[in-house]
Amino acid sequence: MTSSCSKEAIILYKLHFLNKEVSSKFEGCTGMSQSRLELILQLYEVDEISQKALQQEVNIDNAAITRHLKQLEANGMIVRRKNPDDNRITLVSLTEEGRNKIQVFQEEKERFSASAFKGLSEEERDNLLNMLNHIQENIKEL
Numbered sequence: 005m006t007s008s009c010s011k012e013a014i015i016l017y018k019l020h021f022l023n024k025e026v027s028s029k030f031e032g033c034t035g036m037s038q039s040r041l042e043l044i045l046q047l048y049e050v051d052e053i054s055q056k057a058l059q060q061e062v063n064i065d066n067a068a069i070t071r072h073l074k075q076l077e078a079n080g081m082i083v084r085r086k087n088p089d090d091n092r093i094t095l096v097s098l099t100e101e102g103r104n105k106i107q108v109f110q111e112e113k114e115r116f117s118a119s120a121f122k123g124l125s126e127e128e129r130d131n132l133l134n135m136l137n138h139i140q141e142n143i144k145e146l
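Each residue of the sequence shown is one higher than the last, beginning at 5 in our numbering.
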């Protein structure tokens, strides 16, 4: 970024770059992407849910949820089956292995988060969260 950019442009660039870096480092530290972790955390809260409802809960597109679930299924974390009452609906649930690994993933996520915010006071964290929420609301209005 050059000095000819506005502060706002630099901040947006840094947020974009930080998002990419966090995603990469998060997966390296936890062994799972943030999106996949969010999916299994949602599944942990229910016995079984339709793929469509899960997609809406985590707010990702149809192709992304299919890709994530396929990977989680290949890793033995989830199972998918057709709804016997309506063959068009795919039901998703955690396997026992998936349920057992939740705690480990949560602990890794907490360690990652603690490391990422090391050196920031509680007040600084609160201020950062408030500023990011404000920017998010501004972007929603565009």
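Virtual Cβ for every residue (Gly too), placed ideally from N, Cα, C. If you're wondering where the values come from, they're calculated on a predicted model, not measured in any experiment.
query	result
Cβ neighbour criterion (16 or more within 10 Å) applied to Val-96	buried
Straight-line Cα distance separating Gln-38 from Leu-16	21 Å
Assigned exposure category for Leu-41 - 16 Cβ within 10 Å defines buried	buried
Buried versus exposed, by CB contacts within 10 Å (16 or more), Gly-32	exposed
Buried or exposed by the 16-neighbour rule on C-beta atoms within 10 Å, applied to Phe-30	buried
Residues that DSSP places opposite Leu-95 in a beta bridge	Ser-54, Arg-85
Span separating the alpha-carbon of Val-26 from that of Ile-93	34 Å
Spatially closest choice to Thr-34 from Ile-53, Lys-56, Asp-65, Ile-106, by CA coordinates	Ile-106
Residues of its chain near Glu-12, where Cβ-Cβ distance is below 8 Å and the 5 sequence neighbours each way are ignored	none
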